[in-house]
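Here the protein sequences line up with chains L and A, keeping their order.
For the first sequence, position 137 matches number 136 in numbering that gives the first Met the number 0, and the numbering has no gaps at all.
For the second sequence, position 46 matches number 45 in numbering that gives the first Met the number 0, and the numbering has no gaps at all.
These notes are about the structure you will find just below.
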Amino acid sequence: MRRVRRVFLLAAIACLIPTGISYVSAMSEKHNVGLGVSSVEWLRQNGGNSLVSEVENWYYTLTAPEKGGAPLRSLPQVGIASAGTAPKKAYKPPRVTPIIHPALPGEGVWKPAGAGAGSEPPVLLTTFRSDPSYPQFVAGVAWIDSARTRLKYVPGLAEPPEPLAHRGSGEVPPSERKRLVATFNGGFPLETSNAGLIYRGQVKETMVNGIATIDAYRNGQVNIVRWHQGPDAPAGVWFAKQNLPPIIYEGRLNPNLSDGPEWGETVNNAVRVWRSGLGIDRHGNLLYAAANYQTVESLATILQRAGAIRALELDINEDWTSFITYRHPGALEASNLLPEMFRSPERYLVPDERDFFSVSLRRGQHW
Amino acid sequence: MNRGRRISAEAAARRALLIDVLCALALAIAALTLCAGLGIVGVIAVLTLIAIGLWFAIEALINALKRR
């Protein structure tokens, strides 16, 4: 028996040599997340994705919030107080109708994200309580004027893992910060989303039909579609980022928001965690939503209530969910959409592992 | 008649160690080849080390209690 023990001891030590080299090498790279998160990411990337997801499912199910609780007396302050006067031509989204009554002051009311945004603020923010069964949960939503802004896909240091000729430094380049109005998290890592990516007009990961796609053209036009153009990059597409099936399509929630392999190798759809999503309204403007303790269905309901007619889920968990606005030109006074968002508002002004999106004023548009 | 060569206890121990090392290497190579990735191999290896550590600790405790 002792010899069996010795064999297993030696085998374990032998296995730990290449594993340790890989782990130490990965941890030695530049990170802006803690050792714990980096270790979990390393485990995910090295065959442990199912194991991590199982542990996460188990943990989040055990720590699931209880229904009810004391009602909130106020909502977190987002944006700035003065919205200016909108000229008749400028479209502004209607207030998000509160679900819980009586409504709290400012609930569902859009406020500009930037100071001095004038009468046509490019980004509006609001918060509202999204679920009567959980009256303490607050959802944050941002509306992005597609006519005044340009969406850019920014690769992270490690995601996407494919070799890129123009990877950049995983942050918003200093030269682009003068016009920067917002940044927000990308989707799941490609490895876990089974989805495709087009970057700078070239396919970096084969596009998959039926998957929800943020589709941006060379002229700056952006859309959210269910991809049906095959594996290659269509002419005119500058970037296309896919992530799971659509959660809202043509105004309706996806009837199959329950679990299945099509939702990626991650925590169950019904598990309540930080979740984020991106939608588009019927005027072609983008809507970003994020909140803690959301299922995929409740996230879709938030986006639908805010006016999204098509939407996809973006990244999840507190470590990866960020929506950041900048009050002044030069990416000054960065602030998170919700105060309880875990990551620093400076997140995308320093190198980040994950890919993300930046929103900048178009040429000719001014603060 | 072919009689087996007698070897010392130390030599037998060294031979056993060599066989065990070869078995361990074969086991490690099989694990590294068959598992989904280094992460899973690492987790299993760490759990194995913890289990063997506990085994040693319990054995030592039992021996200590017996000596009393």
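Every residue, glycine too, gets a C-beta built ideally from N, C-alpha and C.
Around the CB of Lys29/L, fewer than 16 other CB atoms lie within 10 Å, so the residue is classed as exposed.
Sequence-distant Cβ neighbours of Ala310/L in its own chain, meaning closer than 6 angstroms and more than five residues away, are Ile246, Ile247, Gly276, Gly278 and Leu302. Bounds of any alpha helix (DSSP H) do not take in Leu150/L; it lies within the beta strand (DSSP E) bounded by Thr148 to Val153. Among the residues facing chain L, Thr47/A is included, as its CB has a counterpart in that chain under 9 angstroms away.
Taking 9 angstroms as the CB threshold, Val6/L lines the interface with chain A. In the displayed model, Leu331/L falls within a strand according to three-state DSSP. By the rule that beta-carbons nearer than 9 angstroms mark a contact, Arg217/L does not touch chain A. Every beta strand (DSSP E) of 3 residues or more that sits fully in the segment 136-222 of chain L is shown, in chain order, as 137-143, 148-153, 179-184, 196-198, 201-204 and 211-216. Excluding residues up to 5 positions away in sequence, Ala232, Val236 and Trp237 lie with their Cβ nearer than 7 angstroms to the Cβ of Gly200/L in the same chain.
Proximity of Ala15/A to chain L, defined by a Cβ-Cβ separation below 9 angstroms, is satisfied. Taking Ser168/L as reference, the option from Thr60/L, Tyr152/L and Val180/L with the minimal CA-CA separation is Tyr152/L. Between the segment 331-344 of chain L and the segment 155-162 of chain L, the count of C-beta pairs closer than 8 angstroms stays below three; the two stretches do not touch. Secondary structure within the segment 241-306 of chain L: the beta strand (DSSP E) runs of 3 or more consecutive residues, fully enclosed, are 272-279 and 285-293 (chain order). Residue pairing by DSSP places Leu42/L in no beta bridge whatsoever. For Pro70/L, the CB contacts under 7 angstroms within the same chain, skipping 5 residues up- and downstream, are Pro134 in chain order. In terms of beta-carbon proximity, Pro93/L stays away from the interface with chain A, with every pair separated by 9 angstroms or more. Taking a Cβ-Cβ cut-off of 9 angstroms, the neighbours of Tyr22/L in chain A comprise Leu37, Gly38 and Gly41, given in sequence order.
A buried status is given to Glu204/L, since no fewer than 16 other beta-carbon atoms sit within 10 Å of its beta-carbon. CA-to-CA, the gap between Ser321/L and Leu31/A works out to about 37 angstroms. Between Glu264/L and Ser52/L the beta-carbon gap is near 6 angstroms, inside 8 angstroms, which marks them as a contact. For a Cβ distance threshold of 7 angstroms, residue set Leu31 and Leu37 of chain A lies close to Pro17/L, ordered along the chain. Taking 9 angstroms as the threshold, the shortest C-beta distance from Trp226/L to chain A does not fall below it. Apart from sequence neighbours up to five positions away, the residues of its chain that approach Phe341/L with a beta-carbon distance below 6 angstroms are Glu317, ordered along the chain. Between Ser297/L and the set Val122/L, Ala164/L, Leu15/L and Ala269/L, the nearest pair of CA atoms involves Ala269/L.
In the structure shown, the three-state DSSP call for Val122/L is strand.
Counting along the chain, Arg353/L sits inside no beta strand (DSSP E), nor does DSSP assign it H or E at all. About 6 angstroms separates the Cβ atoms of Gly185/L and Leu313/L, confirming a contact at the 8 angstroms cut-off. Between Pro154/L and the set Pro93/L, Leu189/L, Asp130/L and Ile315/L, the nearest pair of CA atoms involves Leu189/L. When secondary structure is reduced to three states using DSSP, Glu312/L falls in the strand class.
Contacts between Ala10/A and chain L, judged by CB atoms closer than 9 angstroms, are missing: the closest CB pair is about 16 angstroms apart.
The alpha-carbon separation between Leu163/L and Leu50/L amounts to approximately 29 angstroms. For the options Leu24/A, Glu9/A, Leu21/A and Glu58/A, the alpha carbon positioned closest to that of Met0/L is the one of Glu58/A. Between Gly107/L and Val95/L a beta carbon distance of about 4 angstroms is seen, short of the 8 angstroms cut, so the two are scored as contacting. At a C-beta separation below 9 angstroms, Leu24/A has these neighbours in chain L: Leu9, Ala10 and Ala13.
Within chain A, the C-beta atoms nearer than 8 angstroms to that of Trp41/L come from Gly38, in chain order.
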